[in-house]
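Numbered by the numbering used here, the letters in the sequence shown go through residues 56 to 383 in order.
To keep things clear, I will list the structure first and then write my remarks on it.
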Amino acid sequence: MAILVTGGAGYIGSHTVVEFLSKGEEVVVLDNLQKGHRDAVRAGKFYEGDIRDARLLDQVFSEQNIEAVIHFAADSLVGESVQDPLKYYDNNVVTAQRLLAGMVKYGVKSIVFSSTAATYGEPESIPIQEQDRKEPTNPYGETKLAIETMLKWCDQAYGVKYVALRYFNAAGAHSDGQIGEDHRPESHLIPIILQVALGQRERLAVFGDDYPTPDGTCVRDYIHVTDLANAHWLALQKLRRTGESAVYNLGNGEGFSVRQVVEKAREVTGHPIPLEIVPRRAGDPAVLIASSEKAQRELAWKPQFNSLGQIIQTAWNWQRNHPKGYAK
Ligand code: UDP
């Protein structure tokens with residue numbers, strides 16, 4: 056039987072496809088290529104189109120023998136979600152509802168869902184644990200939380216079992232250098248810093264240096280994309296083994312400020328990376344650091360890339376060799 060990966064041409068999705076193929080899984084990708092890149096999917100079956108296209112979804116479920124779904128397809132930009140919340144309700148919540156309806160219709164009972172640290176909002180304590188208060192400060196986090204809740208009710212009503220994985224800051228690229236991060240326009244910290252190092256931008260705009268953190272810039276927990284990909288496979292093993300739904304944080308458990316990330320990138324690239332302090336970005340909490348103890352305990356997940364320098368180095372290898380990303 057096959058594993059359906061929605062959004063498998065995206066950043067985390069494409070790394071997960073590679074991870075699943077390396078474990079001998081049969082993979083089917085469904086991606087509308089709005090943000091994803093066809094060249095990021097190097098093997099497996101590929102369907103181009105949108106989950107909200109009922110005919111296409113029927114076609115995928117009826118042509119393929121789908122055992123489980125790994126659901127990435129979504130919009131994921133905090134700032135954009137604040138500007139255009141309805142886009143996020145449509146692309147994230149409506150899409151998940153259609154996917155779940157398809158799963159119920161075709162008797163697919165397992166899903167691993169791509170959730171986020173943004174479900175917590177301003178954390179009540181650090182490191183953040185799964186049961187902590189969830190009050191998202193932006194529509195992105197709100198829509199992901201709504202989907203988690205939808206999953207809980209679908210479990211109860213239809214017996215669809217799920218693992219929701221709350222990622223902290225995904226970063227880095229595959230160590231073979233063939234796939235990596237390529238958003239258009241780029242908005243994520245590490246690729247933007249590396250674009251400065253490549254001379255594609257003059258400087259990094261730092262979104263606020265008046266946060267209640269040691270150097271005033273936001274603190275985040277950066278986790279390597281291959282470690283995230285591996286957690287999806289472990290989550291599927293847990294669903295196969297126990298048939299129990301669960302939620303896990305995924306991070307390294309260590310926080311780095313924007314300034315610290317820049318300093319590390321200066322070491323890796325040898326470029327001075329000039330900065331400019333600009334106003335805060337709407338919806339950004341000051342500090343997000345994960346406790347991933349539950350995932351380590353219950354999934355036997357062990358991040359392999361646990362130094363920020365190593366993570367930035369893999370991103371640098373990808374970006375230096377693909378200065379235009381997937382563009383030819
Ligand atoms: N950030 C920044 N300048 C940029 C992009 C990001 O200062 O050009 C900051 C952002 O405010 C946040 C951190 O870097 O504190 C990580 O942002 P990113 O967009 O990479 O991930 P997010 O935290 O939104 O998931």
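Where is the CB? At the ideal position from N, CA and C, for every residue including glycine.
| field | Which of helix, strand or coil DSSP assigns to Y277 | value | strand
| request: Keeping to the same chain, check which residues put their C-beta closer than 6 Å to that of A301; ignore five residues upstream and five downstream. | output: V218
| Are the beta-carbon atoms of E197 and D187 separated by less than 8 Å? | no
| said: Nearer than 7 Å: is that true of the beta carbon of L259 relative to any heavy atom of the ligand UDP? | reply: yes
| request: Look at N87 and D113 and say whether their C-beta atoms are less than 8 Å apart. | output: No, they are not a contact pair.
| field | Stretch-stretch touch, CB-based, cutoff 8 Å, three pairs: the region 227–244 with the region 270–283 | value | yes
| task | Please go through the same chain and pick out, in chain order, the residues whose beta-carbon is closer than 6 Å to the beta-carbon of K78, but skip the five residues on each side of it. | result | W288
| field | Closest residue to M56 among V83, Y66 and A370 (Cα-Cα distance) | value | V83
| How is the alpha helix (DSSP H) around D113 delimited, first residue to last? | A109 to E118 is the span of the alpha helix (DSSP H), which, as asked, contains D113.
| Taking the Cβ atom as the reference point for each residue, do T174 and A128 lie within a distance shorter than 8 Å? | Contact flag unset, no.
| Supposed contact pair G338 and T192 - C-beta distance, whole angstroms, cut 8 Å | 5 Å
| Taking just the CA atoms, how far does G263 sit from E177? | 16 Å
| query | What residues in its chain sit with their C-beta under 6 Å from that of L59, if we drop five residues either side in the sequence? | reply | Excluding sequence neighbours, L59 sits near V83, I121 and V124.
| field | Sheet register partners of I166 (DSSP bridge) | value | V124 and Y217
| message | Looking only at its chain, what residues have a beta carbon closer than 8 Å to the beta carbon of V222, apart from the 5 residues adjacent to it on each side? | response | It is Tyr, not Val, that sits at residue 222 in the sequence shown. Within the same chain, Y222 has close Cβ partners I67, S169, S170, T171, A172, I278, L283, L305 and G306.
| request: Look at the Cβ atom of V115, then the Cβ atom of L155, and state whether they are nearer than 8 Å. | output: no
| Residue closest to I332, alpha-carbon to alpha-carbon, out of Q365, G271 and T324 | G271
| Whole-number beta carbon distance between I248 and V317, since they are thought to touch under 8 Å | 6 Å
| said: Beta-carbon within less than 7 Å of P358's beta-carbon, same chain only, minus the 5 sequence neighbours each way: which residues are those? | reply: Correct list, in chain order: I278, H279, D282 and N307.
| Under 8 Å between C-beta atoms of W373 and N285 | no
| Endpoints, beta strand (DSSP E) assigned at K100 | K100 to E103
| field | Sequence-distant residues of the same chain with beta carbon closer than 7 Å to A290, five excluded per side | value | These residues qualify, in order along the chain: V167, V218, L220 and L354.
| request: Taking the CB atoms as reference points, tell me whether A341 and P267 lie closer together than 8 Å. | output: yes
| query | Taking all protein chains shown into account, do 16 or more other C-beta atoms lie within 10 angstroms of the C-beta of D237, making it buried, or fewer, making it exposed? | reply | buried
| message | Extract the residue ranges of the alpha helix (DSSP H) inside the region 309–347, only unbroken runs of 4 or more that lie entirely within it. | response | 313–324
| said: Quick check: what's the CA-CA separation for A370 versus Y143? | reply: 28 Å
| message | Is D130 a contact residue of the ligand UDP, with contact defined as CB to any heavy atom under 7 Å? | response | no
| Proximal residues to Q255 (C-beta, below 8 Å), its chain only, five neighbours per side dropped | Here the set comprises P378.
| said: How far does the beta strand (DSSP E) with E81 in it extend, from its first residue to its last? | reply: E81 to D86
| request: Could you pull out every unbroken alpha helix (DSSP H) segment of at least 4 residues lying fully inside the region 148–215, listed in chain order? | output: 150–161 and 194–213
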